[in-house]
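*Asks:*
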Amino acid sequence: MIFLIILVCSALLSGNQNNSSQNKSFEDFEHFEDIKNTDGNDSSKDSFIHQNEDISEKELFSDSLMNLKGKSIGIPKALLPFNPDNDIPKRPDYKNPDSWVELPEYFSRKKQPVDVFFVYPTILSNEKTYLMDISNPELRKKAEWTIVEQAGIFDGQANIYAPYYRQNNVNINPVMLTDAKPIFSLGQNDLLRAFDYFLKNFNKGERPIILAAHSQGSVRVVELAKKGELLTGSPESLKSLICAYTIGYSITKSDIEKNPLIRISQNATDTGCFILYNTISDEEGKEKECPTIIPGTFVVNPLNWRTDNTPAQSSENIGACFFKHEHPQKPERYPNFSAAKISKNALVITDIKNPDELLATSVTFPKGVYHMYDYAVFYENLRENVSVRIKAYMEKSEK
Numbered sequence: 083m084i085f086l087i088i089l090v091c092s093a094l095l096s097g098n099q100n101n102s103s104q105n106k107s108f109e110d111f112e113h114f115e116d117i118k119n120t121d122g123n124d125s126s127k128d129s130f131i132h133q134n135e136d137i138s139e140k141e142l143f144s145d146s147l148m149n150l151k152g153k154s155i156g157i158p159k160a161l162l163p164f165n166p167d168n169d170i171p172k173r174p175d176y177k178n179p180d181s182w183v184e185l186p187e188y189f190s191r192k193k194q195p196v197d198v199f200f201v202y203p204t205i206l207s208n209e210k211t212y213l214m215d216i217s218n219p220e221l222r223k224k225a226e227w228t229i230v231e232q233a234g235i236f237d238g239q240a241n242i243y244a245p246y247y248r249q250n251n252v253n254i255n256p257v258m259l260t261d262a263k264p265i266f267s268l269g270q271n272d273l274l275r276a277f278d279y280f281l282k283n284f285n286k287g288e289r290p291i292i293l294a295a296h297s298q299g300s301v302r303v304v305e306l307a308k309k310g311e312l313l314t315g316s317p318e319s320l321k322s323l324i325c326a327y328t329i330g331y332s333i334t335k336s337d338i339e340k341n342p343l344i345r346i347s348q349n350a351t352d353t354g355c356f357i358l359y360n361t362i363s364d365e366e367g368k369e370k371e372c373p374t375i376i377p378g379t380f381v382v383n384p385l386n387w388r389t390d391n392t393p394a395q396s397s398e399n400i401g402a403c404f405f406k407h408e409h410p411q412k413p414e415r416y417p418n419f420s421a422a423k424i425s426k427n428a429l430v431i432t433d434i435k436n437p438d439e440l441l442a443t444s445v446t447f448p449k450g451v452y453h454m455y456d457y458a459v460f461y462e463n464l465r466e467n468v469s470v471r472i473k474a475y476m477e478k479s480e481k
């Protein structure tokens, strides 16, 4: 993993990545057909955008986006009035390496037998921007940091592909599936185009795939999966999926009813399944304070990989891993960091070895809601599980 950390840190320090490959692009590709809304609705508000780059997004979303014009949207803080003419950044061109946070082809790495498609969490939190402009150097650095903190569990085990996309401002998240759905859908289109480009030009059906995400990234992966996208459209396409780590969000029975091909992991070697949990303390009321927990969600315990309330002891925690900007190549590691058990809709951690590592909070995630540490607390268990599931998938494929 050291190579990955050094590589990303170099990009963080240089600040020049945004201009590093302005004129570089991959071979051109044919446009794909329309993306259909698998729910059968024809409303532009609920559908995702045509992939033809020559068609204006304003044309495709004119009604739904214009309906939001002049409205101040956001919770807990409303942003400036939305203006479709000014508040929609240019959409990414995935033929250009600059549209990818992480790209093995660009860095000429040795290929692993597995690909990961990673969708980073919320990094946009100012008070005026509705959507991430992927050319913004500061936001690009933040996206790169998520590769270190989270996608690093795959380093040395899989090829990591992570597209930049026009994600929502954190203040839009509480309404991204309701009042701000047209804005949210622009980012969904980015991910669909990125995934299709990844499949056709990089993966080419040659390697099995892991989906991975956190927070807003997990919301987006789950919402696309509910619509039959990202390998969940048929039993045949699902055969390519090793698993999906949609950590820091929820999947309920009603979600699975929308797409029965979505299946929750039942053990450490399960494949073609989804792994999810939301981490909180054992203080009273913390589940209600975690906005990513939806009542009735499934939960997978990343220490014992069970879905029932069987507790996992701290001795089962191989190690937490906390990366620091000052010394990213030397993260703080804590074997046996905490115990964990499923309680109702949440993953509760106790017997915490070093609580001082869990002090960061936000307006959205208060004290005792450990959303920002969903990967860190279980880092080594997740990393080991990636290896276990890859091995299990390969063995099943050989039969």
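The sequence shown lines up with residues 83 to 481 when you count with my numbering. By construction, the Cβ of each residue, glycine as well, lies at the ideal position given by its N, Cα and C atoms.
To the nearest angstrom, report how far apart Asp175 and Leu274 are at their CA atoms.
*Replies:* On the sequence shown, residue 175 is found 93 positions in, with the first residue counted as 1. On the sequence shown, residue 274 is found 192 positions in, with the first residue counted as 1. Rounded to whole angstroms, Asp175 to Leu274 spans 12 Å at the Cα level.
*Asks:* DSSP state of Pro186, grouped into three classes?
*Replies:* For the purposes of this step, residue 186 is taken as the residue at position 104 of the sequence shown. Three-state DSSP puts Pro186 in a helix.
*Asks:* Tell me whether the beta-carbon of Val252 lies closer than 7 Å to the beta-carbon of Thr204.
*Replies:* For this step, residue 252 is matched to residue 170 along the sequence shown. For this step, residue 204 is matched to residue 122 along the sequence shown. In contact: Val252 and Thr204 (Cβ atoms closer than 7 Å).
*Asks:* Assuming contact is defined by CB atoms lying nearer than 7 Å, are Val27 and Arg302 in contact in what I supplied?
*Replies:* Any answer about residue 27 is impossible in this case: the structure gives the chain only from 83 up to 481.
*Asks:* Can you tell me which of the three DSSP states Ala262 falls into?
*Replies:* Taking the sequence shown and counting its residues from 1, one reaches residue 262 at position 180. Three-state result, Ala262: coil.
*Asks:* For the alpha helix (DSSP H) containing Leu429, name the first residue and the last one.
*Replies:* One-based indexing of the sequence shown puts residue 429 at position 347. Looking at the DSSP string, Leu429 is not in any alpha helix (DSSP H); the run it does join, the beta strand (DSSP E), is Ala428 to Thr432.
*Asks:* Write down the C-beta distance between Thr361 and Tyr452 rounded to the nearest angstrom, noting that I regard them as a contact closer than 8 Å.
*Replies:* For the purposes of this step, residue 361 is taken as the residue at position 279 of the sequence shown. For the purposes of this step, residue 452 is taken as the residue at position 370 of the sequence shown. Thr361 to Tyr452, Cβ: 4 Å. Contact.
*Asks:* Report the rounded CA-to-CA distance for Leu86 versus Tyr188, giving the unit in angstroms.
*Replies:* To locate residue 86, count along the sequence shown from 1; it is residue 4. To locate residue 188, count along the sequence shown from 1; it is residue 106. Model confidence at Leu86 stands at a pLDDT of 41, short of 50, so the residue's coordinates are unreliable; what they give is reported in the following sentence. If you take the alpha carbons of Leu86 and Tyr188, they lie about 13 Å apart.
*Asks:* Which same chain residues, not among the five before or five after Phe111, have their C-beta less than 8 Å away from its C-beta?
*Replies:* To locate residue 111, count along the sequence shown from 1; it is residue 29. Interpretation of Phe111 is limited by its pLDDT of 27, a score under 50 that renders its predicted location unreliable; the figure taken from the coordinates is listed afterwards. Lys177, Tyr279, Lys282 and Asn283, listed in sequence order.
*Asks:* Please look up how many angstroms separate the CB atoms of Ile400 and Pro377, rounded, as I've assumed it's under 8 Å.
*Replies:* Taking the sequence shown and counting its residues from 1, the one referred to as residue 400 is at position 318. Taking the sequence shown and counting its residues from 1, the one referred to as residue 377 is at position 295. Rounded, the Cβ-Cβ distance is 31 Å, inconsistent with contact.
*Asks:* Can you give me the Cβ contacts of Glu439 inside the same chain, cut-off strictly under 6 Å, excluding the 5 residues immediately before and after it?
*Replies:* As a working note, residue 439 is residue 357 in the sequence shown. Excluding residues within five positions, the ones whose Cβ falls inside 6 Å are Phe404.
*Asks:* Is Val459 near the ligand HEM - that is, is its Cβ less than 6 Å away from at least one heavy atom of it?
*Replies:* Among the components of this structure there are no ligands whatsoever, and the ligand HEM is therefore not found.
*Asks:* Can you give me the C-alpha to C-alpha distance between Pro264 and Leu147, rounded to a whole angstrom?
*Replies:* As a position in the sequence shown, residue 264 is number 182, starting the count at 1. As a position in the sequence shown, residue 147 is number 65, starting the count at 1. Distance between the alpha carbons of Pro264 and Leu147 is about 6 Å.
*Asks:* Cutting at 6 Å between CB atoms, please list the residues of its own chain near Ala294, excluding the five before and the five after it.
*Replies:* Counted from its first residue, the sequence shown places residue 294 at position 212. Excluding residues within five positions, the ones whose Cβ falls inside 6 Å are Val198, Phe200 and Tyr327.
*Asks:* Less than 7 Å between the beta carbons of Ala244 and Glu184, yes or no?
*Replies:* Residue numbering aside, residue 244 sits at position 162 when the sequence shown is read from its first letter. Residue numbering aside, residue 184 sits at position 102 when the sequence shown is read from its first letter. Closer than 7 Å, so yes.
*Asks:* Given a threshold of 16 other Cβ atoms within 10 Å of its Cβ, counted over all protein chains shown, does Lys478 qualify as buried or as exposed?
*Replies:* By 1-based counting over the sequence shown, the position of residue 478 is 396. Lys478 should be labelled exposed.
*Asks:* Note the first and the last residue of the continuous alpha helix (DSSP H) segment covering Ile338.
*Replies:* Translated into the one-based positions of the sequence shown, residue 338 becomes position 256. Where Ile338 is concerned, the enclosing alpha helix (DSSP H) stretches over Lys335 to Lys340.
*Asks:* So who's on the other strand from Tyr416, going by DSSP bridges?
*Replies:* As a working note, residue 416 is residue 334 in the sequence shown. Answer by DSSP bridge pairing, in chain order: Ala402.
*Asks:* Contact between the segment 209 to 216 and the segment 313 to 320: three or more CB pairs below 8 Å?
*Replies:* No, they do not touch.
*Asks:* Pull up the DSSP beta-bridge partners for Asn241, would you.
*Replies:* In the sequence shown, counting from the first residue as 1, residue 241 sits at position 159. Its beta-bridge partners are Asp197.
*Asks:* Measure from the alpha carbon of Pro448 to the alpha carbon of each residue in Leu150, Ser267, Lys370 and Ala307, then state which is nearest.
*Replies:* Here residue 448 corresponds to residue number 366 of the sequence shown, with the count starting at 1. If we check each option's Cα against that of Pro448, Lys370 comes out closest.
*Asks:* Classify Leu441 as buried or exposed, calling it buried when 16 or more other Cβ atoms lie within 10 Å of its own Cβ.
*Replies:* In the sequence shown, the residue the question calls residue 441 occupies position 359. That one is exposed.
*Asks:* Let me make sure I understand the geometry here. Which of Thr353, His407, Ala421 and Lys210 has the alpha-carbon closest to that of Asn165?
*Replies:* For the purposes of this step, residue 165 is taken as the residue at position 83 of the sequence shown. Answer by Cα proximity: Lys210.
*Asks:* DSSP state of Tyr176, grouped into three classes?
*Replies:* Numbered from 1 along the sequence shown, position 94 holds the residue referred to as residue 176. In the structure shown, Tyr176 sits in coil (DSSP, three-state: anything other than H, G, I, E or B).
*Asks:* According to DSSP, what are the bridge partners of Leu323?
*Replies:* As a working mapping, residue 323 is identified with position 241 in the sequence shown. Paired residue(s): Ile291.
*Asks:* Give the DSSP-derived three-state secondary structure of Ser125 in the structure shown.
*Replies:* Counting from one through the sequence shown, the residue named residue 125 turns up at place 43. With a pLDDT of 35 at Ser125, under the threshold of 50, the modelled position of this residue cannot be trusted, and the question is left open.
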